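**Student:**
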Amino acid sequence: MATSPDHALIRIPNRIVYWIITPVVGVGILFAVLFIRYTTPTLSRQITDQIDSNLKLASELGLEACEDRFNYLLELRLEDDLAMNAALKREALEEITSTTSAFRNIHALVIEDNRTIVESSQPLPPQPVTEFDLPLRTETVVSYRLLDRPVRMHYRFFPFWNWQIITYIEQKDYLGPVQLVERSIYFGTFGVLLLLTVTLTVVFRKFVALPLKHLVAGTHAVAEGHYQALPERGNDEIGQLIFDFNQMIASLSAKDDELKKMLQEVRQTEERFRTLFESAPIGFALIETSGRMLEANDAMYRLLGFKEDQTDGDLRFNDYFYRTEDAERFGGGLFKTPSLSKFECDLLRPDGQRWTARLTASSFTLAGESLMLVIAEDASRELKLVAQLQRAQKMEAIGTLAGGVAHDLNNILAATVGYPEMLLMDLPEDSPLRGPLEAIKHSGQKAAVIVQDLLTMARRGISVSEVVNLNTIVDEYQNGSEYKRLEKHHPDIRLDVQLTNDLFNISGSVVHLSKTLMNLVSNAAEAMPVGGTITITTENRYVDYPIGNYDAVPEGDYAVLRVADQGTGIARADLDHIFEPFFSRKKMGESGTGLGMAVVYGTVKDHQGFIDVYSEVGRGTTFTLYFPITRERTGEAVPLQSLDNLKGRGETVLVVDDMATQRQIVADMLTRLGYRAVTVASGEEAVAYVRNAPPDLLVLDMIMDPGIDGLETYRRIVQINPGQKGIITSGFSETKRVREAEALGIGKYLKKPFTIRRLAEALRAIVADTR
């Protein structure tokens, strides 16, 4: 079969391209191979030599740092001074690590006695204490496997401290620059070759092959009914024929293009609105006067509790209103009001879940039919957050008032607790005054407990610095006097304790967590007048998505404490008030101070925790407390010392307090403990006293009015007498300003009212630390 001239024209350019490009590509590949062969080794060797040089330089600088410190010790003749040795070793280690940081990817490792890592500029996994098998030669850079890592290293030995100073770079970082250079050369060389080949191909096709192909393709397109103009060419006969042909099809082509453009615009507009409708995060629905939904997006189906494939296409929006009057308002009046209408109402999902919807509706007429566009949003979470904010603001306002009262009461109780304790120390065992004094002291301590509840409620009374395990809290409560007293008053109550063996620890306050558990169990017992079971459960829980119940619990690891009863339950209307101070449905005088649940709330919040409450009237209540975990371990208990072993040796103690009674009682305690007490009434007086005669210790009140407070007083004192130690006291617990004073070096903190033993223990600890 003969080949047509047109097809021959299509094949000829391909042959030309092949015979032109092939020699160019061959020569380019040969050049690229030779260039890579003779260039890459030289550059790679220069890079590795530079890295080896940096390794040597870094280790030499590290050795030089050690020699400088050791020579300094020799010059001062302090080579036997352990403290000076330790300080200069620390400086040398810091200089070694800082020196290596100047070199990219080079790390330092200092090994003592060929087995102990004393410093590393790179975090390392824990290593067992083993001998390090280091190379014998220290003058060369070697490849080595250090701590199970392939490295390139150099080390120097400093014999006077028995240190091996190692500088190393991991093998991947050592070879990285070489590999980068090699890849750059490969890609650069072959990239240029590829670019040259593509350029030649494009140029040839544009100016030689395409004109020929266009001529053949244009005639085929016309034969198949496509209105495609042929490329114009010269003024010869073929050119004139192509020109006339193009003019003939131009009119038909223009009309066809106009129609296609109009259809395309319609499709694009429809697609945009459909995409907007379906992907909108809020619900959209087009509704008839009967309430049937003609169209709805996915968000609307989700809000109503359906998936689109679960519906039969005959859903009536009116059927999901929780209240009949809302459904009547929606189905009647809104269709008669063309203006935009907004209102909130409760809707009901098929599973019985009730939720608050914020609806925006607008009616209109389309093709003679009355329709309504409804936009729906779920307002449940927003309303719940608003309620939580209002509840928190109310608790904060009440807590601030209670906190101020509690602080003043703690100052007043100092004498009630302190003086009976000192008087009892002087009375014989058979004195008739011991009973009244014990009663006064016990009453003061009970009052202090109530004041502590006020501070806890005010969220100004908890220090959460101890490592605590909730299982220990539960065990101690179950075996303690408080639970025995509860059993005596509620003999029909049974305790069911279910503890997780491997429960994580938390950072907290044992006293306040114990009080929280006691209050929850006590409330549970009072909620079961005819008896029942109280279940206490602990568990570890990872919250992988936020829980939005009474409190919004964010993601994280928690130790959970749960107390559940089988009592009368809490009415839904009361749930928002149960943590408010003095809120109770019990009869006056039947139980407690009315602060129990407020103390629970304050304690949980001061522990950065969260509360969940579930209750059904007549079936019981469950309180679930979430506490963030800590990986620290609990400490061991310290045995109690006798008071005689805690007495001072005549040290001078400056007592600073704006209240005369506070100054006097602390001075009397100090005198009894063997200290010499000096008192002043303000921070300014204390600064003046220290300027003239610095005392051995301070007992400094934090809140003094008027004048400067305890923190500012201590700041000025340490400027005069650096290193001045003492105790800072306050009617509040550890506040931010108290912690600032501790960071400056004050020593200890005591919360008022304190006993003579606590004062003695704090002073003895400070004296022991300064010796």
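Per this note's numbering, the very first residue in the sequence shown carries number 1; after that it's consecutive. For every residue, glycine included, the Cβ atom is placed at its ideal position computed from N, Cα and C. From a predicted model like this one, the values you see are computed outputs, not experimental measurements.
1) Rounded to whole angstroms, what's the CA-CA distance from L371 to S363? Just pull it up for me.
2) Could you tell me the alpha carbon to alpha carbon distance between P753 and G731, rounded to whole angstroms?
3) If I measure Cβ to Cβ from T671 and keep anything under 6 angstroms in the same chain, skipping five residues before and after, which residues do I get?
4) I'd like to confirm something about K725: is its beta-carbon nearer than 7 angstroms to some heavy atom of the ligand SAH, or not?
5) For E590, which residues from the same chain have a beta carbon less than 7 angstroms from its beta carbon, with the 5 sequence-adjacent residues on both sides left out?
6) Would you call V110 buried or exposed, if buried means 16 or more other Cβ atoms sit within 10 Å of its Cβ?
7) Can you round the beta-carbon distance between V151 and I169 to whole angstroms, since I take them to be within the 8 angstroms contact cut?
8) Note down the Cα distance separating Q228 from Q264, rounded to an integer number of angstroms.
9) Would you kindly report the start and end of the unbroken beta strand (DSSP E) that includes Q164?
10) With a threshold of 8 angstroms on Cβ separation, who are the neighbours of F623 within its own chain once the five nearest residues in sequence on each side are excluded?
11) For H490, which residues does DSSP report across the bridge?
12) Applying the criterion that 16 or more other CB atoms from any shown protein chain within 10 Å of the CB defines a buried residue, is L74 buried or exposed?
13) Which complete beta strand (DSSP E) runs does the region 651-690 hold, if anything under 3 residues is left out?
14) Excluding the 5 residues preceding and the 5 following D351 in the sequence, name in chain order all residues of the same chain whose CB lies nearer than 7 angstroms to its CB.
15) Mapping DSSP to helix, strand and coil, what is A760?
16) Is A571 helix, strand or coil when you go by DSSP?
17) Could you compute how far the alpha carbon of R460 sits from the alpha carbon of P554?
18) Assign D430 to one of two classes, buried (16 or more other C-beta atoms within 10 Å of its C-beta) or exposed (fewer than that).
19) Are V666 and L700 closer than 8 angstroms when you measure CB to CB?
20) Would Y551 be called buried (16 or more neighbouring beta carbons within 10 Å of its own) or exposed?
21) Assign T356 to one of three DSSP states: helix, strand, or coil.
22) Flag this pair as touching only if the region 647-654 and the region 691-709 have three or more C-beta atom pairs under 8 angstroms; answer yes or no.
23) Less than 8 angstroms between the CB atoms is what I'm expecting for S44 and H154, so what's the real figure, rounded?
24) Quick one: residues in its chain with C-beta nearer than 7 angstroms to the C-beta of G556, no 5 flanking neighbours on either side, listed in chain order?
25) Indicate the three-state DSSP secondary structure (helix, strand or coil) for T500 in the structure shown.
26) Hey, out of Q122, W161, N505, whose CA is closest to V468's CA?
27) Give me the Cα-Cα distance between T275 and E325, rounded to the nearest whole angstrom.
28) Roughly how many angstroms lie between the CA atoms of D68 and A102, to the nearest whole one?
29) Under 8 angstroms: do the region 27-36 and the region 189-202 share three or more Cβ pairs, one atom per stretch?
30) Can you tell me where the alpha helix (DSSP H) with E94 in it begins and where it stops?
31) What span of residues does the beta strand (DSSP E) with N540 cover, start to end?
32) Within the same chain, show all residues whose beta-carbon is closer than 8 angstroms to that of E344, passing over the 5 residues directly before and after it, in chain order.
33) In its own chain, which residues sit with a C-beta less than 6 angstroms from the C-beta of R615, not counting the 5 before and 5 after it?
34) Count the other C-beta atoms from every protein chain shown that fall within 10 angstroms of the C-beta of W19, then say buried if there are 16 or more, exposed otherwise.
35) If I follow the unbroken alpha helix (DSSP H) through N471, where does it start and stop?
36) Among the candidates V497, Q46, A688, whose CA atom is the shortest distance from the CA of E476?
**Tutor:** This is what the structure gives:
1) Spanning the two alpha carbons is a distance of roughly 6 angstroms.
2) Annotation: P753 to G731 spans about 7 angstroms, alpha carbon to alpha carbon.
3) Only A677 meet the Cβ criterion.
4) No copy of the ligand SAH occurs in the structure displayed, which carries no ligand at all.
5) Unreliable placement is indicated for E590, whose pLDDT of 47 sits below 50; no coordinate value is reported for it.
6) With 16 or more other Cβ atoms within 10 Å, it is buried.
7) Contact holds; Cβ gap of about 6 angstroms.
8) Cα atoms of Q228 and Q264: separation of roughly 20 angstroms, rounded to the nearest angstrom.
9) It spans 163-170 - the beta strand (DSSP E) in which Q164 sits, taken as one unbroken run.
10) Here the set comprises L520, R562, V563, A564, V600, I611, D612, V613.
11) The beta-bridge partner set that DSSP reports for H490 is empty.
12) When all chains shown are included, L74 counts as exposed.
13) If we require 3 residues or more, the beta strand (DSSP E) runs fully inside the region 651-690 come out as 652-656, 676-680.
14) Only G305 meet the Cβ criterion.
15) In the structure shown, A760 falls within a helical segment according to DSSP collapsed to helix, strand and coil.
16) The answer is coil: DSSP assigns A571 none of H, G, I, E or B.
17) Note that R460 has pLDDT 46, beneath the 50 cutoff, so the model's placement of it is unreliable and the number below is only indicative. Rounded to the nearest whole angstrom, the C-alpha separation of R460 and P554 is 24 angstroms.
18) Counting Cβ neighbours within 10 Å, D430 comes out exposed, since fewer than 16 surround it.
19) Between V666 and L700, the gap from beta carbon to beta carbon reaches 8 angstroms or more.
20) Note that residue 551 corresponds to Asp in the displayed sequence, not to Tyr. Per the 10 Å Cβ criterion, buried.
21) If DSSP states are grouped into helix, strand and coil, T356 belongs with the strands.
22) Yes: at least three Cβ pairs fall under 8 angstroms.
23) About 19 angstroms separates the CB atoms of S44 and H154; that is not less than 8 angstroms, and the two are not in contact.
24) Non-local beta-carbon contacts of G556 in its own chain, meaning distances under 7 angstroms to residues more than five positions away in sequence, involve V543, P628 in chain order.
25) In the three-state reduction of the DSSP assignment, T500 falls in the coil class, being assigned neither a helical nor a strand state.
26) Distance check between V468 and each of Q122, W161, N505 places N505 closest, using alpha-carbon atoms only.
27) For T275 and E325, the distance between alpha carbons rounds to 35 angstroms.
28) Note on geometry: alpha-carbon atoms of D68 and A102 lie some 20 angstroms from one another.
29) Touching, yes.
30) Counting along the chain, the alpha helix (DSSP H) containing E94 begins and ends at 82-100.
31) Here the beta strand (DSSP E) through N540 covers 532-543.
32) Only T356, A357, R358, L359, A379 meet the Cβ criterion.
33) Checking the displayed sequence, the identity of residue 615 turns out to be Ser instead of Arg. Excluding residues within five positions, the ones whose Cβ falls inside 6 angstroms are G569, I570, T621.
34) That one is exposed.
35) For N471, the enclosing alpha helix (DSSP H) covers residues 470-478.
36) The alpha carbon of E476 has as its nearest neighbour, out of V497, Q46, A688, the alpha carbon of V497.
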